[in-house]
Amino acid sequence: MANIKRDMEWLLSLTPRQIAGASKVISDAQLSKASISLRKHWANPLIRKKQSERMTLIKKDWSWAGTRSGGNNPNSKVVITPNGSFASVKEAARYYGVTGEAIRYRISKKHYGYAYEGEPIGTVKPEQAFHPAYRWVETPIGSFFTLVAAAKALGVVTVTVRSRIKRRVPGYAFIDPPGFVNSN
2 MANIKRDMEW LLSLTPRQIA GASKVISDAQ LSKASISLRK HWANPLIRKK QSERMTLIKK
62 DWSWAGTRSG GNNPNSKVVI TPNGSFASVK EAARYYGVTG EAIRYRISKK HYGYAYEGEP
122 IGTVKPEQAF HPAYRWVETP IGSFFTLVAA AKALGVVTVT VRSRIKRRVP GYAFIDPPGF
182 VNSN
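Residue numbers for the sequence shown follow the numbering used here, so the first one is 2 and each next one is one higher.
If you want it as structure tokens, here you go:
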């Protein structure tokens, strides 16, 4: 009996790292003894009641605890988008098929038509970033959105179209897209 008591004291004195290393030397008797003591601890109705009261206080303190499943958070802001207003960011994201982060990004960057209720609505229209691979191309047979489309229509490879534009062959050029207004 004294041996088991000494083993329990030794077991309780270990740090978590030491327990991980000592788990190979802990006997089944020691483990069962520890689980029995925990069962006795949680079987005490006063301890269970204290724990229950603590959890109740914690849940009352969490303002969002009741909103995760229902989505009716009274603190959520109304979101205004080009297609109407929504009760929350989550609803707007679900409507547009994007994440809530995408909706919040559009609101913070003042994208056209996006805002929280009571704030000025965004007026910045997203501009198309012109990458050299996606420039409009003028050829003798017409205008094309990309080099690849122009090359396919002409029946040549893209390098050929690009070299004709570089050499300034008449009829070949990069152009601004129709309706594009240069801000410079």
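Glycine included, C-beta positions come from ideal geometry on N, C-alpha and C.
If you drop the 5 nearest sequence neighbours on each side, which residues of the same chain put their C-beta closer than 8 Å to that of residue i?
i, result
"L148", "A134, R136, V138, T159, V162 and R163"
"A154", "T140, I142, G143 and F145"
"A152", "V158, T159, T161 and V162"
"Y115", "V80, I81, T82, P83, I104, R107, I108, I122 and G123"
"E118", "K78, V79, V80, I81 and S86"
"T166", "In the sequence under discussion, the amino acid at residue 166 is Ile, which differs from the Thr named in the question. Contacts found: V138, Y173, A174 and F175."
Near residue i, which residues of its chain fall below 6 Å by C-beta distance, leaving aside the five closest residues on each side in sequence?
i, result
"G172", "P141"
"I176", "W137 and E139"
"S86", "V79"
"S89", "S77"
Classify residue i as buried or exposed, calling it buried when 16 or more other Cβ atoms lie within 10 Å of its own Cβ.
i, result
"T100", "exposed"
"T82", "buried"
"I108", "buried"
"G98", "exposed"
"G156", "exposed"
"R69", "Only weak support exists for where R69 lies, its pLDDT of 44 falling under 50; the coordinates are left without a value."
"I48", "exposed"
"I37", "exposed"
Alpha helix (DSSP H) containing residue i: first to last residue?
i, result
"V160", "T159 to K167"
"I108", "G101 to S109"
"V90", "V90 to Y97"
"V149", "L148 to L155"
Spell out whether any CB of chain C is found under 8 Å from the CB atom of residue i.
i, result
"R55", "Absence of chain C from the displayed structure is noted, only one protein chain being present."
Which residue marks the beginning of the beta strand (DSSP E) containing residue i, and which one marks its end?
i, result
"A174", "A174 to I176"
"E139", "W137 to T140"
"V80", "V80 to T82"
Taking 7 Å as the limit between beta carbons, can you name the residues of its chain near residue i, skipping five residues before and five after?
i, result
"N45", "none"
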